[in-house]
Amino acid sequence: MKLSFLSLFPEIIQAYFRVGIIGRAVQSNILTIECINIRDFATNRYKKVDNQLIGGGAGMLLEPYVLDLTLRRLKDSRIIFLSPCGATFTHKDSKRLSTYSHISFVCGRYEGFDERIIEMYATEIFSIGDFVLTGGELSALCIADSMLRYKEGVLGNAESLEGESFESNLLESPNFTKSKAFDALYNIPPVSEFSSGNHAAIKKLKQSMANMKTQYFRPDLLRSSLYKDA
Numbered sequence: 001m002k003l004s005f006l007s008l009f010p011e012i013i014q015a016y017f018r019v020g021i022i023g024r025a026v027q028s029n030i031l032t033i034e035c036i037n038i039r040d041f042a043t044n045r046y047k048k049v050d051n052q053l054i055g056g057g058a059g060m061l062l063e064p065y066v067l068d069l070t071l072r073r074l075k076d077s078r079i080i081f082l083s084p085c086g087a088t089f090t091h092k093d094s095k096r097l098s099t100y101s102h103i104s105f106v107c108g109r110y111e112g113f114d115e116r117i118i119e120m121y122a123t124e125i126f127s128i129g130d131f132v133l134t135g136g137e138l139s140a141l142c143i144a145d146s147m148l149r150y151k152e153g154v155l156g157n158a159e160s161l162e163g164e165s166f167e168s169n170l171l172e173s174p175n176f177t178k179s180k181a182f183d184a185l186y187n188i189p190p191v192s193e194f195s196s197g198n199h200a201a202i203k204k205l206k207q208s209m210a211n212m213k214t215q216y217f218r219p220d221l222l223r224s225s226l227y228k229d230a
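The numbering of the sequence shown is the UniProt record's numbering, which starts it at 1 and goes up by one.
Following this line, the structure appears as C-alpha cells:
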C-alpha cells in the first residue's frame, strides 16, 4: 500500500512514520510513504503558496494554481481532502480505505482550499470532528493510522482487531492486567472471572460488559444499531 501526503509541513508526516507499529510497517515494506511538499511547486521567487479570498474576508487560501500543479503528478490514486465540510470519518471508513492500493491526503492550511480544487480532484472529503485545527496533517495521520491497522501484516497479532471498540457497534469490554503489585498496593481483589480459564464464560462476560459499557458511555451506538436492524 502507498500513502501520499501533500503538505506544507512534510516533516510532521515523516516524523510520525519513523516510530511504533506503523513505523515497523514502513521498514518491512508493507507500506510506502510519499511526502510531497506543496511549496516545491510554487512558481514565484519567494515560494509563496497562499492567496487572498475573492470578496474579502479574514485569512488566506492555499493558491489553487500551486495545488493544481501538485495534484497533477498523482497517478491512479484515491485523493482525500481534509476539511470541516467533509463527512465525519468512521470505523467503517477505516476498514474500507484499507483495501485501496494508493491513497493521497491533501492537507490544508490557512483558511482551507479554493472550492474549485476540491471539485476537480477530490475522491472523498473527510473531517475528524466538529472542531478546527491549524492544518490537515493531524487529521490525515489519524485517518491513516486507523485504516492501516486493518492492513494485513501491520499489526503483529491480527486477533487484536477482534472485539475492539466499534466492532458490532459496541465499545470494547473493560480490560484488566495481571498486576499483583497493583492489586496488593490498593488491596483490590483480583478479577476472578477473568482468571478462571473458562474461555466460554470469559467471552460471555466480556460481551455483557461491552454492552453495559456502551450503554453507559455511548448509548448512541446501540440506538444506531437498532435502526439498522429495523
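Ideal Cβ placement from N, Cα and C applies to all residues, glycine included.
Rounded Cβ spacing between residue i and residue j (contact assumed at less than 8 Å)
i, j, result
"Phe9", "Glu137", "6 Å"
"Leu62", "Arg109", "6 Å"
"Val106", "Ile79", "7 Å"
"Leu141", "Arg149", "Not confirmed; about 13 Å, so no contact."
"Leu97", "Met147", "4 Å"
"residue 235", "Thr70", "Because residue 235 is not part of the residues shown, which for the chain are 1 to 230, the question remains open."
Burial state of residue i (16 or more Cβ within 10 Å)
i, result
"residue 238", "Examination of residue 238 is not possible in this model, given that the chain is present from 1 through 230 alone."
"Ile54", "exposed"
"Ala200", "exposed"
"Ala184", "exposed"
"Ser179", "exposed"
"Ala25", "buried"
"Val49", "buried"
"Ser7", "buried"
"Tyr216", "exposed"
"Tyr46", "exposed"
"Phe126", "buried"
"Tyr186", "exposed"
Nearest candidate by alpha-carbon position, reference residue i, set the options
i, options, result
"Leu170", "Arg149, Lys213, Gly86", "Lys213"
"Gln52", "Arg96, Asp183, Phe113", "Phe113"
"Glu111", "Ile128, Pro84, Lys75", "Pro84"
"Asn175", "Ala210, Ile12, Ala201", "Ala210"
"Lys2", "Ile103, Leu97, Thr99, Glu193", "Ile103"
"Met120", "Gly20, Phe81, Asp50, Ile33", "Phe81"
"Tyr100", "Leu31, Tyr65, Asp50", "Leu31"
"Ile21", "Lys178, Gly153, Ser139", "Gly153"
"Asp76", "Lys178, Glu11, Tyr186, Ser4", "Ser4"
"Ser139", "Leu185, Gly86, Asn187", "Gly86"
"Ile38", "Ala122, Leu67, Ile13", "Leu67"
"Lys206", "Ser7, Ser173, Gln27", "Ser173"
"Phe131", "Ile33, Lys92, Thr88, Asn29", "Thr88"
"Thr43", "Glu193, Ser28, Glu34, Pro64", "Pro64"
Three-way DSSP call (helix, strand, coil) for residue i in this model
i, result
"Gly23", "helix"
"Met1", "coil"
"Pro219", "helix"
"residue 232", "There is no way to answer for residue 232, as the model of the chain reaches only from 1 to 230."
"Thr43", "coil"
"Thr177", "coil"
"Phe9", "coil"
"Leu71", "helix"
"Asn29", "coil"
"Asn187", "coil"
"Met60", "strand"
"Arg78", "strand"
"Ser98", "coil"
"Glu34", "strand"
"Ile103", "strand"
"Gly163", "Note on Gly163: pLDDT 49, under 50, position unreliable in the model; no value is reported."
"Asn198", "coil"
"Thr88", "strand"
"Leu170", "coil"
Discussion item. If we require 3 or more residues per run, which beta strand (DSSP E) segments fall completely within the stretch 114-156?
Written reply: 124-127
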